[in-house]
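Working notes for the structure below.
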Amino acid sequence: MSQREVAITGGPSNTKAMVTGQEELLVKVNALTLTGSNLDAKTRTSNILRTTTTGTIAAGAYSVSFANTSTVDATVKTVILKPGETINFDAGAMNNTLDAISYVATGAELLIISIT
Numbered sequence: 682m683s684q685r686e687v688a689i690t691g692g693p694s695n696t697k698a699m700v701t702g703q704e705e706l707l708v709k710v711n712a713l714t715l716t717g718s719n720l721d722a723k724t725r726t727s728n729i730l731r732t733t734t735t736g737t738i739a740a741g742a743y744s745v746s747f748a749n750t751s752t753v754d755a756t757v758k759t760v761i762l763k764p765g766e767t768i769n770f771d772a773g774a775m776n777n778t779l780d781a782i783s784y785v786a787t788g789a790e791l792l793i794i795s796i797t
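Numbered by my numbering, the letters in the sequence shown go through residues 682 to 797 in order.
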């Protein structure tokens with residue numbers, strides 16, 4: 682089987698190794714330094730709101746939960762949230778964030794929790 686040369690880039694010496702199509706390349710890392718704001722520990726702010734109006738959770742939240750605590754329908758992102766239903770939005774790992782989320786609680790009551 683033929684061999685091909687593969688460069689391991691990003692290291693201080695741009696090491697090269699020979700591998701075949703059936704071999705696995707094992708690279709041992711002697712030292713690793715992680716930097717950058719998305720790797721730093723952060724304190725998030727929790728928010729809670731009980732509302733009977735129309736509004737929007739601004740873009741940039743890490744997670745948002747809606748619970749319809751009333752006996753009538755409410756709306757979140759143009760979708761009906763029936764009485765007793767709960768929905769959650771989670772941006773996932775690292776510094777992912779959510780888009781703006783609109784809601785209509787006129788005549789209803791929404792309990793909204795967000796992490797910003």
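For each residue, glycine too, the CB sits at the ideal point set by N, CA and C.
Quick one: what does DSSP say T750 is sitting in, helix, strand or coil? The residue labelled residue 750 in the question sits at position 69 within the sequence shown. DSSP places T750 in coil when its eight states are reduced to three.
Cβ distance (whole Å) where E790 is taken to contact T750 below 8 angstroms: On the sequence shown, position 109 is the one that residue 790 refers to. On the sequence shown, position 69 is the one that residue 750 refers to. For E790 against T750, the beta-carbon gap comes to about 5 angstroms, under 8 angstroms, which counts as contact.
Counting C-beta neighbours from all protein chains within 10 Å, is the total for I782 16 or more, i.e. buried, or is it exposed? Numbered from 1 along the sequence shown, position 101 holds the residue referred to as residue 782. Around the C-beta of I782, 16 or more other C-beta atoms lie within 10 Å, and the residue is accordingly described as buried.
Beta-carbon spacing of A742, T778 below 9 angstroms: Locating residue 742 in the sequence shown gives position 61, where the first residue counts as 1. Locating residue 778 in the sequence shown gives position 97, where the first residue counts as 1. Taking 9 angstroms as the Cβ cut-off, A742 and T778 qualify as a contacting pair.
V745 versus R731: straight-line alpha-carbon distance, rounded: Taking the first residue of the sequence shown as 1, we reach residue 745 at position 64. Taking the first residue of the sequence shown as 1, we reach residue 731 at position 50. If I take the Cα positions, the gap works out to 13 angstroms.
When the Cα atoms are used, what is the spatial distance from D780 to F747? Numbered from its first residue, the sequence shown carries residue 780 at position 99. Numbered from its first residue, the sequence shown carries residue 747 at position 66. Between D780 and F747, the C-alpha separation is close to 15 angstroms.
Assuming V785 contacts T735 under a Cβ cut-off of 8 angstroms, what Cβ separation, rounded to an integer in Å, is found between them? Translated into the one-based positions of the sequence shown, residue 785 becomes position 104. Translated into the one-based positions of the sequence shown, residue 735 becomes position 54. Confirmed, Cβ separation roughly 5 angstroms.
Am I right that G788 and V760 are in contact with their C-beta atoms under 8 angstroms? What's the rounded C-beta distance? Position 107 of the sequence shown, counted from the start, is the residue given in the question as residue 788. Position 79 of the sequence shown, counted from the start, is the residue given in the question as residue 760. That belief does not hold up - the Cβ atoms of G788 and V760 are roughly 17 angstroms apart, past 8 angstroms.
What separation, rounded to the nearest whole angstrom, lies between the Cα atoms of A755 and N769? For this step, residue 755 is matched to residue 74 along the sequence shown. For this step, residue 769 is matched to residue 88 along the sequence shown. Between the alpha carbons of A755 and N769 lies a gap of roughly 15 angstroms.
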